[in-house]
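Colleague: Reading the sequence shown from the start, the letters are residues 1 to 100 in UniProt numbering. Built from N, CA and C at the ideal position, the CB exists for glycine as well.
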Amino acid sequence: MRSCRTPSVSQQPESLSPSVAEAERATTAAEELDKTKDVPLSYETEKLTTLFQYFLFRYERLLELISTASCLTSSRAAVNETEHKPPQLRDSFSFSRNKR
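1) Answer with buried or exposed for Arg25, where buried requires no fewer than 16 other C-beta atoms within 10 angstroms of its C-beta.
2) In whole angstroms, what separates the C-alpha of Ile66 from that of Ser74?
3) Helix, strand or coil for Leu72 per DSSP?
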């Protein structure tokens, strides 16, 4: 526990700013949480925590795949722009299309 402790909210004069009272409430809530941290989690809470961790992992993996796909798409587009067909193939294709 702390060696120095601020007075509780009920003991504070009304002239204190709301932020001081809010800080005291947050400190009290944190101390209450410290008291209960040794209590084991319920089965449902553990299950939800595990499920959340799984979805977080899948989301991170999805972001990696999107990033990789984006890089591949942009590099493929760059290759397609620099790749040229020989002129005779282009000319023969347009010629055969015009014949029909």
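Modeller: Result, derived from the coordinates:
1) As a working note, residue 25 is residue 25 in the sequence shown. Label assigned to Arg25: exposed.
2) Counting from 1 along the sequence shown, the entry for residue 66 is found at position 66. Counting from 1 along the sequence shown, the entry for residue 74 is found at position 74. Approximately 12 angstroms, taken between the alpha carbons.
3) Working through the sequence shown from its first residue, we reach residue 72 at position 72. Taken through DSSP and simplified to helix, strand or coil, Leu72 comes out as helix.
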